[in-house]
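Sequential numbering from 230 applies to the sequence shown in my numbering.
Ideal Cβ placement from N, Cα and C applies to all residues, glycine included.
This structure is a prediction, so every number in the text was calculated from the model and none was measured.
Here is the structure we will look at.
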Amino acid sequence: MKIQEVYNQVTLERVNTDLQRSIETIIGHTNNVNTELIDFLQRTSKSAQTLT
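As structure tokens, then:
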């Protein structure tokens, strides 16, 4: 295997690792936003029900 091939493979592995970490971070933040939104909507719904 040539040095350039090894370098390309290492670089590709790093890109894949960094991309996976970024995706996991985005998924985590999206889940947190969804959880907060659901909680907000449930509280709003309960408040609206007590007004009627």
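Among the residues of its own chain, which have a CB less than 8 Å from the CB of residue i, if the five just before and after it don't count?
{"i": "D268", "result": "none"}
Is residue i near the ligand COA, going by C-beta to nearest heavy atom under 8 Å?
{"i": "T264", "result": "The ligand COA is not part of this structure, which contains no ligands at all."}
Take residue i and list the residues in its own chain whose beta-carbon comes closer than 6 Å to its own, dropping the five residues that flank it on each side.
{"i": "Q278", "result": "none"}
{"i": "V235", "result": "none"}
Which residues in the same chain have their Cβ closer than 7 Å to the Cβ of residue i, if we skip the five residues on either side of it in sequence?
{"i": "L241", "result": "none"}
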